[in-house]
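Q:
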Amino acid sequence: MANTDPVVDVGPLASWVLDEARQHAVVRVAQVGAVSRGLRGEALAELLELVEAGAIAFSDDGRSIDNGDVLLHALRYLRGTGRPILLHLQDPGLSVDGVMHEGAWSARLGMRGVPSAAESGPLSRDLEVLRYAVSEVAALGSTDFPRLHVQHVSAAASVRLLREAKTLGLPVTAEATPHHLLLTDERVKDFDPNLKINPPLRSEADRLELVAALAEGAIDCVATDHAPHAPHEKEVPFEEAPFGALGLETAFPALNAGLVEPGHLTLERLIEAMSAGPCRCLGLQAPHLRVGAPADFCLVDLDESWVFTSADLFGKSRNSAFLGERGRGRVLLTMVDGAMRHVAGRVREELEGVQE
Ligand SMILES: [Zn+2]
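My numbering applies: residue 55 is where the sequence shown begins, and numbers increase by one.
1. Go ahead and pull the three-state DSSP assignment for residue 127.
2. Tell me which residues share the same chain as residue 215 and place their Cβ nearer than 7 Å to its Cβ, disregarding the 5 neighbours each side in the sequence.
3. The alpha helix (DSSP H) spanning residue 246 covers which residue range?
4. According to DSSP, simplified to helix, strand and coil, what is residue 13?
5. Specify which residues have a beta carbon nearer than 7 Å to any heavy atom of ligand 1, listing them in chain order.
6. Identify which residue in 213, 228, 103 has its Cα closest to the Cα of residue 259.
7. Below 8 Å, can you find three or more Cβ-Cβ pairs linking the stretch 395-403 to the stretch 325-338?
8. Is the distance from the Cβ of residue 171 to the Cβ of residue 211 below 8 Å?
9. Relative to the C-alpha of residue 311, which residue among 287, 356, 294, 323 is closest?
10. For residue 205, which of 286, 280, 122, 358 has the nearest alpha-carbon?
11. According to DSSP, which residues form a beta bridge with residue 389?
12. Look at residue 5 and residue 72 and say whether their C-beta atoms are less than 8 Å apart.
13. Short check: CB of residue 390 to CB of residue 83, under 8 Å?
14. Going by beta-carbon coordinates alone, are residue 308 and residue 381 separated by less than 8 Å?
15. Using a 10 Å radius around the Cβ and a threshold of 16 neighbouring Cβ atoms, would you call residue 227 buried or exposed?
16. I'd like to check one pair, residue 251 with residue 199: are the Cβ atoms closer than 8 Å?
17. Just list the residues that DSSP pairs residue 382 with in beta bridges.
18. Does DSSP put residue 168 in a helix, a strand or coil?
19. Specify the secondary structure class of residue 479 as computed by DSSP and reduced to three states.
20. Looking at C-alpha atoms only, which residue of 271, 118, 193, 67 is the closest neighbour of residue 105?
21. Considering residue 202, what are the terminal residues of the beta strand (DSSP E) in which it resides?
22. Below 8 Å on the Cβ atoms is my guess for residue 100 versus residue 64; work out the distance and round it to an integer in Å.
23. Roughly how many whole angstroms lie between the Cα atoms of residue 91 and residue 313?
24. What is the residue span of the beta strand (DSSP E) that residue 306 lies within?
What follows is the structure, encoded as structure tokens:
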């Protein structure tokens with residue numbers, strides 16, 4: 055994402071990140087460029103320079119694009135590049151000082167809430183801007199439409215807008231996170247700062263709508279919104295903790311146990327939503343298994359079932375919303391471009407035996 059320090063809003067910064075990644079990263083790293091300079095929502099970032107440098111998409115993640123004219127101009131610049139704009143939807147007024155979903159649980163707990171309208175409101179406006187930008191392109195006789203992708207959808211109201219937009223044929227895609235697909239605002243009653251997430255965990259009705267939308271395709275893919283925080287940052291009262299939770303390590307086993315096992319989602323759809331689905335949203339080539347092609351795959355033991363502990367986390371951070379939850383489907387091996395990049399302990403022992 056572009057919301058680093060410094061903000062990735064010019065080409066040379068994106069080139070630098072991608073060069074570092076080529077030299078040191080064990081997985082493929084793609085860079086998202088900022089939509090506006092400094093994420094300030096005013097002047098546009100150097101969009102075309104960022105495209106040249108290899109940015110695969112654009113986002114002011116962390117905040118909405120509040121000025122509709124900035125979004126419209128960005129869509130105009132990017133048409134023909136194939137690069138989508140990724141939306142973090144958050145009405146700044148409706149979300150000010152909010153720490154959790156606004157509903158029965160925020161009332162009971164006496165905490166300031168963020169209503170669903172803080173997400174669906176800006177989404178409605180952005181879809182209208184997209185519709186206008188698409189009509190401009192259509193008027194030129196072209197089908198080179200600009201695209202929007204909605205990040206971390208959390209509210210049923212947003213799903214309804216997405217369904218409507220897709221029915222109209224608007225070029226929009228969307229993702230949901232494992233925590234919004236599996237957890238609800240009720241869990242905040244334990245005041246665990248790892249459950250303080252932006253957008254917030256919402257109601258059970260919202261969650262069920264997200265699951266249905268993922269199953270039917272109105273939500274195209276799963277993305278983790280992985281947000282590591284140092285332990286000392288999260289070891290504070292709920293209201294003071296920063297937003298965000300880990301997601302990468304637990305994503306597949308948590309969703310497999312929570313949605314596939316009880317029959318709410320097929321295994322095929324979950325795998326699609328975590329592999330080809332995200333590629334489709336970003337306009338990247340989907341991974342495939344083919345003789346002679348570089349090996350890009352995960353090997354998963356679908357039967358292994360266990361309760362997540364901090365031993366399941368591989369980064370420096372521990373702020374997972376899933377510690378104590380059950381997962382099913384242990385990732386045993388991850389191959390990236392023909393190289394083994396993650397090997398589970400018991401597989402490593404077997405491999406060593408084979409080599410001997
Ligand atoms: Zn975001």
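Think of the CB as a built atom: it goes at the ideal place given N, C-alpha and C, for glycine as much as any other residue.
Bear in mind the structure is a predicted one, so any value in this text is a computation, not a measurement.
A: Walking through what the data contain:
1. helix
2. 174, 177, 178, 181
3. Per DSSP, residue 246 belongs to no alpha helix (DSSP H) and is neither H nor E.
4. Any property of residue 13 remains undetermined from this structure, which presents the chain solely from 55 to 410.
5. 115, 116, 142, 205, 206, 252, 279
6. 213
7. no
8. yes
9. 356
10. 280
11. 351, 394
12. Outside the shown range of the chain, which is 55 to 410, sits residue 5, and nothing can be said about it.
13. no
14. yes
15. buried
16. no
17. 359
18. strand
19. The chain is shown from 55 up to 410; residue 479 falls before or after that span and cannot be answered.
20. 67
21. 202-204
22. 5 Å
23. 40 Å
24. Premise fails: residue 306 lies in the alpha helix (DSSP H), 305-309, not in any beta strand (DSSP E).
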